[in-house]
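Mapping to the numbering used here: the sequence shown position 303 is 569, numbers consecutive.
Beta carbons: idealized from backbone N, C-alpha and C, even for Gly.
Report on one structure; see the data block that follows.
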Amino acid sequence: MNELVFFINYVVISGTVSGSIYAMGAIGVTLVFSIMRFAHFAHADMMTLGAFVVLLMTTLFPEVGATVGLPSALLMLPVAMLVTAAAAVGIDRAFYKPLRAHNVKPIVMVIASLGVTLMLQGLIRLFSGTGAASLYIAERKDIFRLELPFELATRPIVVTEPQIILFVFALVAVVSLHLFLSRSRLGKAMRAMSDNPDLARASGINTNTIVAVTWVIAGALAAAAGTLLSLDVAFKPDLSFFLLLPIFAAAIVGGVGHPYGAIAGGFVVGFAETLAVFNWAVLLRPFRDRFPEWLDLPSNLAFVGTEYKIVVPFFIMVAILVWRPTGIFKGKVI
Numbered sequence: 267m268n269e270l271v272f273f274i275n276y277v278v279i280s281g282t283v284s285g286s287i288y289a290m291g292a293i294g295v296t297l298v299f300s301i302m303r304f305a306h307f308a309h310a311d312m313m314t315l316g317a318f319v320v321l322l323m324t325t326l327f328p329e330v331g332a333t334v335g336l337p338s339a340l341l342m343l344p345v346a347m348l349v350t351a352a353a354a355v356g357i358d359r360a361f362y363k364p365l366r367a368h369n370v371k372p373i374v375m376v377i378a379s380l381g382v383t384l385m386l387q388g389l390i391r392l393f394s395g396t397g398a399a400s401l402y403i404a405e406r407k408d409i410f411r412l413e414l415p416f417e418l419a420t421r422p423i424v425v426t427e428p429q430i431i432l433f434v435f436a437l438v439a440v441v442s443l444h445l446f447l448s449r450s451r452l453g454k455a456m457r458a459m460s461d462n463p464d465l466a467r468a469s470g471i472n473t474n475t476i477v478a479v480t481w482v483i484a485g486a487l488a489a490a491a492g493t494l495l496s497l498d499v500a501f502k503p504d505l506s507f508f509l510l511l512p513i514f515a516a517a518i519v520g521g522v523g524h525p526y527g528a529i530a531g532g533f534v535v536g537f538a539e540t541l542a543v544f545n546w547a548v549l550l551r552p553f554r555d556r557f558p559e560w561l562d563l564p565s566n567l568a569f570v571g572t573e574y575k576i577v578v579p580f581f582i583m584v585a586i587l588v589w590r591p592t593g594i595f596k597g598k599v600i
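Written out as structure tokens, the structure is:
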């Protein structure tokens, strides 16, 4: 039973946390690709930007959360989502819109997004420094230990306050996005532009509005994902380095340009990472006496070491591109 609890803590919960973060990041990547037809490499830096805004606001107002019994950083999250969404729209108008007006090739847009990446990284490091920082300034992170009603279970299931908030937020965000895309007039216009931009423009759809809404959604979700991850761990200026490859792998696995595929791909990549670094020898310990005498169970049976965790999404991405370029949900081929 203790081994099962260990599996729940380090695979089920950790995989759900990683999958939720990657899914929200991949949604932004796939929306930008489906509407504007280019891979936005600066998206992970927008996630870092949102977390930095929360850190800055929480440092200025550390006690605001005490009035309602919530972390101050969580109350600053809506502000960060608005700031990041506004920054995303501003970046588009300053850098990407002039390029679209000249009908440049997608590779030029990709290179421009790399320039935006370096710009955002430099600005964040300039104002935040290079060290890690906790978003819990005036409070302490609550950790909940759930004891199981079994005599053999001496270990508790451990879940933190930011993880619970992340689970709830991700569920609400996914349902809200589904209702927006399927029920609202603006969401249907986004789907029409994704399918055929020229036909959507000829039908009278305001493409500038669709582009702006796309950046607002992508920026807001990026800020939320970066902030909730930083709440659970810590804010790091190089957060984008660890997020860029997984969110692109999630978008490709699910199907580039398919929002629902991005959600599925995020959880596939998240659980693949946790399963790859999980020590499977722990689950085999209860059966050690049944093994032959010549079979010595090693202490570590992980597929890859923790330091090579970033290799897993890269392997998944390459495998999907070779085996099924359209992804699980048959998105657009890059």
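Spatial distance of residue i from residue j (CA atoms)
i: Ala354; j: Arg551; result: 50 Å
i: Leu437; j: His444; result: 11 Å
i: Asn566; j: Asn275; result: 17 Å
i: Val424; j: Phe410; result: 6 Å
i: Arg391; j: Leu465; result: 43 Å
i: Val599; j: Glu329; result: With a pLDDT of 44 at Val599, under the threshold of 50, the modelled position of that residue is not reliable, and the figure given next carries that caveat. Straight-line Cα distance between these residues: approximately 49 Å.
i: Ala310; j: Arg554; result: 44 Å
i: Thr475; j: Ala317; result: 26 Å
i: Phe569; j: Val519; result: 21 Å
i: Val298; j: Val382; result: 15 Å
i: Gly523; j: Arg556; result: 50 Å
i: Val319; j: Gly285; result: 23 Å
i: Ala542; j: Ala484; result: 29 Å
i: Phe272; j: Ala547; result: 11 Å
i: Leu326; j: Pro428; result: 21 Å
i: Val370; j: Pro422; result: 56 Å
Distance CB(residue i)-CB(residue j) smaller than 9 Å
i: Ser506; j: Thr350; result: no
i: Arg366; j: Met302; result: yes
i: Gly291; j: Gly532; result: yes
i: Thr426; j: Asp498; result: yes
i: Pro337; j: Glu405; result: yes
i: Thr473; j: Gly521; result: no
i: Pro579; j: Phe514; result: yes
i: Ser300; j: Thr540; result: no
i: Leu401; j: Thr324; result: yes
Reduced DSSP secondary structure (H/G/I, E/B, other) of residue i
i: Ile600; result: Residue confidence for Ile600 is low, a pLDDT of 40 falling below 50, so the modelled location carries little weight and cannot support an answer.
i: Phe501; result: strand
i: Ala399; result: strand
i: Phe446; result: helix
i: Ile471; result: coil
i: Thr480; result: helix
Contact belief for residue i with residue j at Cβ below 8 Å, rounded distance in angstroms
i: Ala458; j: Ile471; result: 6 Å
i: His306; j: Ser379; result: 5 Å
i: Leu511; j: Ile576; result: 6 Å
i: Tyr288; j: Gly536; result: 5 Å
i: Met375; j: Phe304; result: 4 Å
i: Leu549; j: Glu269; result: 5 Å
i: Thr296; j: Pro525; result: 6 Å
i: Leu452; j: Val479; result: 6 Å
i: Ala530; j: Ile582; result: With a Cβ gap of about 13 Å, Ala530 and Ile582 do not count as contacting.
Every unbroken alpha helix (DSSP H) inside the stretch 354-389 [4 residues or more]: 363-367
Segments assigned alpha helix (DSSP H), at least 4 residues, entirely inside the stretch 510-588: 525-543, 547-550
Segments of 4+ residues assigned as alpha helix (DSSP H) that fall wholly inside the stretch 283-368: 309-326, 338-357, 363-367
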